[in-house]
Amino acid sequence: MNIWTNHFSELVKEKTGNSRCPSKWEALLANSIDYIFECGLQIHCSEIIQALVDAPNSKAPGSDGISSEAWKLVVEEKNPTSIISKTTLKIINLMYETGDILESMTTSIAVPVPKKGDLKDPDNYRGIFLIPNIVKLLTKIVASKLAKIDNKFNPISKEQTEFRNFEECTAQTTTFYEIFNRRKLKNIKTWIYYIDYSKAYVRVPHMVLIQKLRSIGIGGK
């Protein structure tokens, strides 16, 4: 147990202290930024219902032990009428409005999944972190809001297709293949850089990401 604790603790450790230091990055932005209006809109019951409908079943719950099937008991309610639906709407909006998430909801269960190589080496395992489903629900709603904002205002480069609906790697690959062949016919060299970050998902510099979003008008909440 100590081996895994030390391994995952080391993975998420930020050695410079810059990743979660707002003052390090706030100076790079203008003092006044006009955020896109839709960023400040309150979350409605219909958004919660849609996120619940889209949520997969039979997935392991987080530390609270509440499955997505339990939250889905309210999907038939067009307006919050039951205690559970009213409470869910209140909790979701409270987290969204204030940005404060209870410590119990930020606790994840780390599950090491073997990849390849020597399985005695912790580096040969992928860490899957199980978080409470209500936090997943909030992130789904925020992701949906961001997708709608992106479709309407196009704040992000159109070449970025990784997280967009109805975009796929095939189109990007076909485009690259066509460009490569045209350059080849003209005897022009083409250099390709492929960057694979080790344990990238657990090493995201969060404050950099947040400040980048703010710089393109996404913020406020």
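The sequence shown maps to residues 0 to 220 in numbering that gives the first Met the number 0.
For glycine and all other residues, C-beta sits at the position ideal for the given N, C-alpha and C.
For clarity, every value in this text was computed on a predicted model and none was experimentally measured.
* Asked: First and last residue of the alpha helix (DSSP H) that includes R181?
  -> Your numbering for residue 181 matches position 182 in the sequence shown. R181 -> alpha helix (DSSP H) spans 168-184.
* Between which two residues does the alpha helix (DSSP H) containing R213 stretch? -> Numbered from 1 along the sequence shown, position 214 holds the residue referred to as residue 213. Taken as a continuous stretch (DSSP letters only), the alpha helix (DSSP H) holding R213 covers 205-214.
* To do: Mind reading off the beta-carbon distance from I217 to I140? Whole number of angstroms is fine, and I expect it under 8 Å.
  => Reading the sequence shown from its first residue, position 218 is the one you call residue 217. Reading the sequence shown from its first residue, position 141 is the one you call residue 140. Going by Cβ atoms, the distance from I217 to I140 rounds to 15 Å, so no, they are not a contact pair.
* Asked: Below 8 Å, can you find three or more Cβ-Cβ pairs linking the stretch 195-211 to the stretch 7-26?
  -> With a cut-off of 8 Å on Cβ pairs, the stretch 195-211 is in contact with the stretch 7-26, counting three or more such pairs.
* Asked: Got a sec? Which residues, its chain only, sit under 7 Å from S81 by beta carbon, not counting five neighbours each side?
  -> Within the sequence shown, residue 81 is the residue found at index 82, counting from 1. Closer than 7 Å at the Cβ level, and outside the excluded window around S81, lie V73.
* Going by C-alpha distance, which of S62, L137, V110, P60 is nearest G98? -> Taking the sequence shown and counting its residues from 1, the one referred to as residue 98 is at position 99. Checked all of S62, L137, V110, P60; the closest Cα to G98 is L137.
* Asked: Alpha carbon to alpha carbon, what distance is there between M104 and P79?
  -> Locating residue 79 in the sequence shown gives position 80, where the first residue counts as 1. Locating residue 104 in the sequence shown gives position 105, where the first residue counts as 1. Those two C-alpha atoms are separated by around 23 Å.
* Would you identify the three-state DSSP class for Y113, choosing helix, strand or coil? => On the sequence shown, residue 113 is found 114 positions in, with the first residue counted as 1. First, the amino acid is wrong: residue 113 is Pro here, not Tyr. Of the three classes helix, strand and coil, the one that applies to P113 here is strand, per DSSP.
* **Cutoff 6 Å; reference R182; Cβ partners in own chain excluding five residues on either side** => Within the sequence shown, the letter at position 183 stands for residue 182. So the list reads T189, once near-sequence residues are dropped.
* Whose C-beta lies closer than 6 Å to the C-beta of K198 among residues of the same chain, with five residues either side of it excluded? -> Within the sequence shown, the letter at position 199 stands for residue 198. The residues are L10.
* **Beta-carbon gap between P111 and S62 smaller than 8 Å** => For the purposes of this step, residue 111 is taken as residue 112 along the sequence shown, with counting starting at 1. For the purposes of this step, residue 62 is taken as residue 63 along the sequence shown, with counting starting at 1. Not in contact: P111 and S62 (Cβ atoms no closer than 8 Å).
* Sort out for me which residues DSSP pairs R125 with in a bridge. => Stepping through the sequence shown from its first residue, residue 125 is reached at position 126. Beta-bridge pairing links R125 to V112.
* Option nearest Q41 by Cα separation, candidates N92, N17, N153 -> By 1-based counting over the sequence shown, the position of residue 41 is 42. For Q41, the nearest C-alpha among the options comes from N92.
* **Sub-8 Å separation of K95 and P113 beta-carbons** => Indexing the sequence shown from 1 puts residue 95 at position 96. Indexing the sequence shown from 1 puts residue 113 at position 114. A small fix is needed here, since residue 95 is Tyr in this sequence, not Lys. Taking 8 Å as the Cβ cut-off, Y95 and P113 do not qualify as a contacting pair.
* To do: Spatial neighbours of A109 within its chain, please: CB distance less than 6 Å, with the 5 preceding and 5 following residues excluded, ordered by chain position.
  => Position 110 of the sequence shown holds residue 109. Taken in chain order, the residues that qualify are F7, G126, F128.
* **C-alpha distance - I232 paired with N153, whole-angstrom precision** => Here the chain covers residues 0 to 220 and nothing more, so residue 232 does not appear.
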